[in-house]
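*Asks:*
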Amino acid sequence: MRTSALFGAVIALAAVCALALVGVAVHEINYASSHPHQYGPAKVIAWGASASALLGVAVGLLAAAMLHQTKPSR
1118 MRTSALFGAV IALAAVCALA LVGVAVHEIN YASSHPHQYG PAKVIAWGAS
1168 ASALLGVAVG LLAAAMLHQT KPSR
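Letter by letter, the sequence shown follows residues 1118 to 1191 of the numbering used here.
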């Protein structure tokens, strides 16, 4: 039971992380679009946030797969 709760928490945190980072990426892309010659590091932040969001999704999917394997078969 503890294992499933742990994997559930990991999945939830990974989802929250991915959603927050998608929001950061969208914000930075909008900023860069609004300031075509003065956006500074906005594109770099957007790329980093996008990559981190994908990593969060990967962690969530891995935890979901491990949760599925730990459930007893019927």
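Note that CB positions come from ideal geometry on N, CA and C, so glycine has one too.
Fair warning: this is a prediction, and the values are worked out from it, not measured in the lab.
In the DSSP assignment, find the unbroken alpha helix (DSSP H) run with Q1186 in it and report its ends.
*Replies:* As a first step, residue 1186 is located in the sequence shown; it is residue number 69 there, counting from the start. It spans A1159 to T1187 - the alpha helix (DSSP H) in which Q1186 sits, taken as one unbroken run.
*Asks:* For Y1148, does the three-state DSSP call read helix, strand or coil?
*Replies:* Sequence index remark: in the sequence shown, residue 1148 carries index 31 (1-based). Looking at Y1148 - three-state DSSP - the assignment turns out to be helix.
*Asks:* Return the Cβ separation of P1170 and V1143 in integer angstroms, given the expectation that the two are a contact with Cβ distance under 8 Å.
*Replies:* Within the sequence shown, numbered from 1, the residue matching residue 1170 stands at position 53. Within the sequence shown, numbered from 1, the residue matching residue 1143 stands at position 26. The amino acid occupying residue 1170 in the given sequence is Ala; Pro does not appear at that position. Actually they do not touch by this definition, with Cβ atoms about 10 Å apart.
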